[in-house]
Structures are given as structure tokens and as C-alpha cells.
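Report on the structure given below.
Numbering (this note's numbering), first residue to last: -18 to 160.
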């Protein structure tokens, strides 16, 4: 029974990876990070540029007098598979549906960024994007925090869940909450 469960898991993993195009499988064959994570961790998202000491953690930043700006970028290459396109479409739908006022005021920006174009290389490097991915950059005062959100990939088949999840994350970031 255990062998059957293991084989079933391997078959599902093979099918899942097989349905992804080269845009989202970069790094899988050579065991390099596939979606811009330079830490090699398996965390759902990673937050950069934080001193994680208890007295100076991202969660404990005093945001009451700081301005907050959130950048949401769907990074992609020249060639995108269905899942990569959908990732960007749902992210765009989320920000346009729930954050129109924040976008109009400049408190939140969104963009589809083709990292294969030379004019986008500086932004891709700033975020560390190396494959199709969704990155959120939050500036609180003078501190910049970047994170790749990989949870959204698991919500592609549930549009309502995707929008609700990403809305929750962006609400927190706009409040300066990095937890």
C-alpha cells in the first residue's frame, strides 16, 4: 500500500511538472532555485532586507508615521505556458478589483514584467526574478522588503481563493505588516 501511495505521488508530480512550460521549470533540472529565491529555502515566501532580531523584526516595525508603498510584479519570459499567463491575469484582476484607489494614488503599483527584455533587467535583478513568478515589494519608510509569493501557484485552479488570498496579503503589506 505504501509503495502504491509513493508511486501515485511520483506520477502526480511528474504530470504537474510536465504541464509547466520552460518558463516555470527553470532550475528544476539542475536544482537551482526556480523562481528567484536566492536562499534555497522551501518557505512559501521569503522576505529580504530584514534584520530578524526580536527587537527589529519586520513584524515589529512602527509603521504609524511611515509611508507605505507596495509593488506587485508578475515576472515572465518571452514564452509563457497557460499557468504562467493565468498567474498574471489573476494578480491583475485582484489589484484592479480590490485596490483601484491605492493604484490611483500610487500607493500600489502592478505590472507584467518580461525579464527577457533588456530594459527590464534592473527591475528583475532588484527582485531576484529568474522565472515566471509573482513578487511583492513593500517600502515602509526607507526600508524595502521583497518577497516571492509562491502560494498563488497552488491557487490557480480556484480563482475566488486566489483573489481572496492575494487580497489578504496585499491588505497586510499596505498596512506595513510584513507577517
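Just so it is clear, CB atoms sit at the ideal spot from N, CA and C, and this is done for glycine as well.
This structure is a prediction, so every number in the text was calculated from the model and none was measured.
{"Item": "Three-way DSSP call (helix, strand, coil) for residue 108 in this model", "Value": "helix"}
{"Item": "Pair within 9 Å by beta-carbon distance, residue 102 and residue 55", "Value": "no"}
{"Item": "8 Å CB neighbourhood of residue 146 in its chain, flanking five on each side removed", "Value": "132, 133, 136"}
{"Item": "Simplified DSSP assignment, three categories, for residue 160", "Value": "coil"}
{"Item": "Exposed unless 16 or more other CB atoms sit within 10 angstroms - verdict on residue 105", "Value": "buried"}
{"Item": "Span of the beta strand (DSSP E) around residue 127", "Value": "124 to 129"}
{"Item": "Inter-residue Cα distance where the pair is residue 122 and residue 49", "Value": "6 Å"}
{"Item": "Straight-line gap, residue 126 to residue 94 (C-alpha atoms, nearest Å)", "Value": "19 Å"}
{"Item": "Cutoff 9 Å: residue 159 Cβ touching any chain B Cβ", "Value": "The structure shown contains no chain B; it is built from a single protein chain."}
{"Item": "Residue 156 burial status per 10 Å Cβ neighbour count (16 or more: buried)", "Value": "exposed"}
{"Item": "Alpha-carbon spacing of residue 88 relative to residue 51, whole angstroms", "Value": "6 Å"}
{"Item": "Beta-carbon gap between residue 66 and residue 117 smaller than 9 Å", "Value": "no"}
{"Item": "Where residue 137 falls: helix, strand or coil (DSSP)", "Value": "coil"}
{"Item": "Rounded C-alpha distance that separates residue 78 from residue 99", "Value": "31 Å"}
{"Item": "CA-to-CA distance, residue 108 to residue 144, given in whole angstroms", "Value": "22 Å"}
{"Item": "Simplified DSSP assignment, three categories, for residue 96", "Value": "coil"}
{"Item": "For residue 120, the first and last residue of its enclosing beta strand (DSSP E)", "Value": "114 to 121"}
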